[in-house]
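As they're listed, the protein sequences go chains A and B. Residue numbers in the first sequence follow this note's numbering, run continuously in steps of one, and reach 466 at the last position. Residue numbers in the second sequence follow this note's numbering, run continuously in steps of one, and reach 466 at the last position. The C-beta atom is built at its ideal place from N, Cα and C for all residues, glycine as well.
Number of protein chains: 2
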Amino acid sequence: MSLDPQPTEILVEDAPPAAEDYGLSEEQIQEVQAALEAGEFARVEEVAQALHAADLADLIESLATDDRNLLLDTLGPSLDPEVLSYLVPAVRQDVIEKIGPKGLASALSHLESDDAVEIFEDLDEEFQRHILAQLPAGYRLVLEEGIAFPEYSAGRLMQREVVAVPAAWSVGETIDFMRTAHELPDDFYDLFVVDPKHKCQGFVPLSRVLRTRRPVKMSEVMDTDVKTIPFTMDQEEVAYLFRQYGLVSTPVVDDAGRVIGMITVDDIVRVIDEEAEDDLMKLAGVGESDLYGRVWQTTRSRATWLVVNLGTAVLASLVIGLFEATLSQAVALAVLMPIVASMGGNAGMQTLTVAVRALAMKDLSAANAMRFIGKEVIVGCLNGVIFAVLTGLVAYLWFGQPLIGVIIGAAMVVNMMVAGLSGTLVPLGLEKLKIDPAVASGVFLTTITDVVGFFAFLGLAAVFVL
Amino acid sequence: MSLDPQPTEILVEDAPPAAEDYGLSEEQIQEVQAALEAGEFARVEEVAQALHAADLADLIESLATDDRNLLLDTLGPSLDPEVLSYLVPAVRQDVIEKIGPKGLASALSHLESDDAVEIFEDLDEEFQRHILAQLPAGYRLVLEEGIAFPEYSAGRLMQREVVAVPAAWSVGETIDFMRTAHELPDDFYDLFVVDPKHKCQGFVPLSRVLRTRRPVKMSEVMDTDVKTIPFTMDQEEVAYLFRQYGLVSTPVVDDAGRVIGMITVDDIVRVIDEEAEDDLMKLAGVGESDLYGRVWQTTRSRATWLVVNLGTAVLASLVIGLFEATLSQAVALAVLMPIVASMGGNAGMQTLTVAVRALAMKDLSAANAMRFIGKEVIVGCLNGVIFAVLTGLVAYLWFGQPLIGVIIGAAMVVNMMVAGLSGTLVPLGLEKLKIDPAVASGVFLTTITDVVGFFAFLGLAAVFVL
């Protein structure tokens with residue numbers, strides 16, 4: 001197969017799409033904004049209807065509140081229900097308030113069960129009751145059961161629509177069944193083979209069904225190494241399984257091992273994104289990404305972490321306060337002291353971030369923890385020595401006192417070593433205590449490196465300078 | 001479908017697996033370690049052969065170098081080639097050195113083209129030549145073309161094995177073709193429909209092929225809204241497409257729009273993990289996760305960022321140095337000054353992290369940038385006022401001077417507002433300049449909040465206290 005482009009053959013309309021041709025463009029957003037403000041609602045509807053549900057969700061998210069409401073009024077009941085499952089929760093709530101319980105009930109009944117449950121679980125109880133009252137009994141049961149599963153569990157994540165076939169069926173019977181069945185899922189990638197009690201015995205990828213001759217039994221071509229997932233499994237564990245074994249779909253089972261649903265990889269991509277975002281936000285002390293949150297909500301949720309940080313900053317100041325007498329005699333110390341604390345904090349955060357990510361990805365465990373700690377302490381020492389020399393020279397040249405250079409160098413080595421040690425021990429310890437290492441590690445770590453940094457530098461100065 | 005567990009039916013061996021039953025267990029690692037050290041190589045081989053390739057890769061990664069080499073010697077040529085594609089690059093390099101060019105050439109020829117290219121691209125040129133010399137011509141071409149594509153492009157990511165069928169074929173002809181074809185990919189989820197020039201016209205999910213009667217033409221059931229990917233597209237863009245539209249596989253096309261390969265969702269899960277890890281590591285000033293890196297490599301790569309941090313810390317010290325006279329007259333200032341800088345730095349990092357993530361996920365764009373900046377400045381002001389009051393009170397109670405309380409409060413409001421502003425402007429500006437906002441934002445931001453924090457606090461003190 002040749003890769004040479006053949007420019008003579010290409011007409012303009014034949015050019016393959018470029019990256020910027022996909023997704024919602026700035027121009028489309030501006031066009032809709034302009035049309036909304038000019039009252040050209042027919043134009044708005046035309047643009048919106050042409051969009052994929054995911055892009056329409058992006059459009060709704062990127063509009064200011066007034067324009068958003070105007071757009072929703074324009075679309076009215078013609079709003080594609082799929083859009084709801086693509087919206088971020090904060091914006092989805094606004095949209096749901098706009099379309100009301102009746103509109104939402106109708107929208108939910110058009111979605112696959114996992115998407116419906118995901119939207120339903122965020123509603124307050126009264127709203128949930130309103131919705132349930134408007135749904136047919138079968139659908140009501142799916143939602144009620146859905147939210148009865150633990151939060152962040154496989155049960156919440158799964159869709160109830162699944163194709164399970166008896167092991168005794170042949171490939172031909174299976175294909176015939178699928179050609180006539182009405183209640184199949186929209187998308188599926190594997191068939192699950194079950195025994196008469198509906199217990200999962202194996203799976204057959206659709207590609208294998210298509211490649212096998214009709215008389216062959218499903219039990220002959222099934223893969224028995226099926227990674228069934230108990231409905232109680234945490235979604236982070238489920239994501240690990242998909243990632244580890246490159247799964248595309250896998251059955252969810254009840255306590256007796258019976259297939260009750262399936263999880264597909266598109267849900268897992270969402271979970272992976274969420275978990276990654278979660279770790280990133282927690283490390284920075286943001287509850288969850290509040291891009292779409294209201295000002296006051298954002299202020300309040302950020303303040304929580306800032307209060308903790310204020311506490312630790314005051315603690316560091318208390319340490320400095322111990323050395324007021326020293327400081328009043330050598331102001332140079334006040335000028336230099338933030339350097340030691342800052343270097344320790346940054347070196348520690350490097351180690352910490354590697355540890356938190358490795359724990360999340362299950363790359364760090366009891367088997368290699370000791371080696372990791374040892375390595376990080378050595379790296380801390382080596383960088384400590386390098387930066388002791390650099391900082392010592394800077395301090396000496398600045399203030400002309402060799403002793404200050406030596407003292408800041410010694411404090412640097414101590415603090416960088418402590419940074420390496422606490423950057424590993426803090427997250428490993430929190431993990432052991434079943435506390436999410438992402439959420440609390442940063443506070444502990446910088447408190448330690450600030451306190452040790454100020455104490456080592458000012459303490460050594462108090463002993464040797466005075 | 002009922003979810004009631006039926007405990008009377010469950011025998012012990014029927015219990016469905018729990019989360020901890022999947023993946024490599026600590027016990028298995030310890031068992032292999034013990035067997036290796038006791039020289040029970042038959043036992044080692046037995047445990048290793050029973051593992052999934054992904055788990056065997058984890059086992060190899062978690063062993064210390066000596067044990068790792070012993071395990072590789074034990075397995076010898078029976079090592080499953082798939083294992084190579086699951087290893088992290090640092091460990092993979094060790095394994096490749098161990099098995100040599102001949103072993104690697106044989107391993108590569110057993111892998112799908114995307115996995116083979118991924119391993120091949122990391123080798124140095126001489127090693128690559130050695131490998132190529134040992135491969136059959138067809139396979140050689142695939143590797144040579146593979147690494148000719150730009151790094152991190154769709155071309156590198158794709159596999160060449162793909163099922164493309166003519167639009168004129170019926171479902172029956174397609175199924176018959178698949179039953180007899182030999183060179184099909186191991187796993188595939190969609191069939192791509194092409195015209196006589198091999199240009200992509202649409203796709204048909206396998207589930208739809210199975211549900212459709214034999215006489216129906218592929219062109220009648222195909223979805224023409226196919227998201228073809230030019231081979232030059234950046235992998236981050238590709239991941240965005242998969243995520244945005246919930247894709248499972250999609251064709252890669254050349255400049256003329258001809259199908260030359262496909263990308264599947266399992267590769268995208270890897271890309272998403274890599275990109276998330278990348279942002280996390282860059283924000284913390286770690287080049288890339290160096291969990292498996294050697295001590296000296298790790299020390300050196302971390303030192304690069306620490307040098308930058310030293311520069312900014314010295315800059316902050318220079319600002320403090322401007323106020324030596326003030327500090328020598330009021331040591332309380334030296335005790336309190338880190339609080340202002342620390343609070344500004346943390347508030348700014350909160351904003352920055354939200355912005356960096358939103359940019360990566362394409363949630364932040366020109367359309368909503370102004371609204372985001374405005375909101376963050378207001379949040380900064382509000383939290384500034386809250387923490388001005390808190391910190392002012394602490395300072396007043398500690399040192400008994402109301403003026404110091406007022407000054408630290410004023411400095412806090414200024415710094416938190418600046419934090420909100422620079423936490424948004426810095427990443428947006430870097431993005432505009434086509435610099436990865438994750439990599440450089442943190443340095444800029446903390447430099448700004450340190451300098452402004454120290455300057456505002458000490459400057460106000462110099463004016464009003466003295």
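Item to check | A:T351 classed as buried or exposed, judged by whether at least 16 other C-beta atoms fall within 10 angstroms | outcome: buried
Item to check | Bounding residues of the alpha helix (DSSP H) (the contiguous stretch that carries A:L311) | outcome: Here the sequence assigns Gly to residue 311 of chain A, which means Leu is not the residue at that position. Element bounds for A:G311: V295 to G321.
Item to check | Proximity winner among A:F149, A:S219 and A:P185, relative to B:P205 (alpha-carbon distances) | outcome: A:P185
Checklist entry - What is the DSSP secondary structure of B:D4, reduced to helix, strand or coil? => result Residue confidence for B:D4 is low, a pLDDT of 37 falling below 50, so the modelled location carries little weight and cannot support an answer.
Next on the checklist: Along the segment 318 to 330 of chain A, where does the CB come closer than 7 Å to a CB of chain B? Name the residues.
Outcome noted: I320, G321, E324, L327 and S328
Next on the checklist: Taking 8 Å as the threshold (C-beta atoms), are A:R214 and A:G172 in contact?
Outcome noted: yes
Item to check | Beta-carbon proximity list for B:Q201, same chain, < 6 Å, skipping 5 on both sides | outcome: A167, V193 and D195
Next on the checklist: Please report whether the beta-carbon of A:Q350 lies at a distance below 8 Å from any beta-carbon of chain B.
Outcome noted: yes
Item to check | chain A contacts made by the segment 78 to 100 of chain B, where a contact means CB separation under 9 Å | outcome: Y86 and V88
Checklist entry - List, in order along the chain, the chain B residues whose C-beta lies closer than 7 Å to that of A:R129? => result Per Cβ cutoff of 7 Å: no residues; A:R129 is ~21 Å from chain B at best.
Checklist entry - Cα separation between A:V32 and A:A57? => result 13 Å
Checklist entry - Do you know offhand how far A:A154's Cα is from A:A90's? => result 23 Å
Item to check | Beta carbon proximity, B:H52 to chain A, threshold 8 Å | outcome: yes
Next on the checklist: Going by DSSP in three states, A:A164 sits in which element: helix, strand or coil?
Outcome noted: strand
Next on the checklist: Which same chain residues end up closer than 7 Å to B:S62 when comparing Cβ atoms and leaving out the 5 residues on each side of it in sequence?
Outcome noted: I29
Next on the checklist: Below 8 Å on the Cβ atoms is my contact criterion, and I expect A:V340 with A:N415 to pass it. Report the Cβ-Cβ distance as a whole number of Å.
Outcome noted: 6 Å
Next on the checklist: Cβ closer than 7 Å: which chain A residues qualify as neighbours of B:A303?
Outcome noted: N383 and I386
Next on the checklist: Pop quiz: B:I131 and B:F149 are said to be a contact at Cβ under 8 Å. What is the actual Cβ separation, rounded to whole angstroms?
Outcome noted: The pair is not a contact, with the Cβ atoms about 18 Å apart (cut-off 8 Å).
Next on the checklist: Less than 8 Å between C-beta atoms, sequence neighbours within five positions excluded: which residues of the same chain meet that for A:A316?
Outcome noted: A341, T447, D450, V451 and F454
Checklist entry - Are the beta-carbon atoms belonging to B:T74 and B:V44 less than 8 Å from one another? => result yes
Checklist entry - What residues in its chain sit with their C-beta under 6 Å from that of A:R140, if we drop five residues either side in the sequence? => result L132
Next on the checklist: For A:A456 and A:F323, I'd like the C-alpha separation in whole angstroms.
Outcome noted: 11 Å
Checklist entry - Which of the three DSSP states, helix, strand or coil, is assigned to A:I229? => result strand
Item to check | Candidates B:V259, B:D21, B:E26 and B:K197: closest to B:K227 by CA position | outcome: B:V259
Checklist entry - In chain order, what residues of the segment 207 to 220 of chain A put their CB closer than 8 Å to some CB of chain B? => result S207, V209, L210, R211, T212 and R213
Checklist entry - Should B:F242 be flagged as near chain A, meaning a C-beta pair shorter than 8 Å? => result yes
Checklist entry - For chain A, is any of its Cβ atoms less than 8 Å away from the one on B:T447? => result no
Item to check | Segments assigned alpha helix (DSSP H), at least 4 residues, entirely inside the segment 326 to 391 of chain B | outcome: 331 to 360
Checklist entry - To the nearest angstrom, how far is it from the Cα of B:L111 to the Cα of B:E161? => result 11 Å
Next on the checklist: If the criterion is Cβ atoms closer than 8 Å, does the pair B:A54 and A:Q244 meet it?
Outcome noted: yes
Next on the checklist: As an exercise, report each continuous beta strand (DSSP E) stretch of at least 3 residues that is fully enclosed by the segment 203 to 257 of chain B, in chain order.
Outcome noted: 249 to 253
Next on the checklist: What are the residues in the segment 425 to 439 of chain A lying within 9 Å of chain B by C-beta distance?
Outcome noted: none
Item to check | B:M158 in three-state terms, based on DSSP | outcome: coil
Next on the checklist: Bridge partners for A:F192 per DSSP, in chain order?
Outcome noted: A:A164 and A:F203
Checklist entry - Checking contacts by CB at 8 Å: is A:V117 closer than that to chain B? => result no
Next on the checklist: Quick check on B:L11: does DSSP put it in helix, strand or coil?
Outcome noted: In this prediction, B:L11 scores a pLDDT of 39, lower than 50, which makes its location untrustworthy; the coordinate-derived value is nonetheless stated afterwards. Here B:L11 sits in coil by DSSP.
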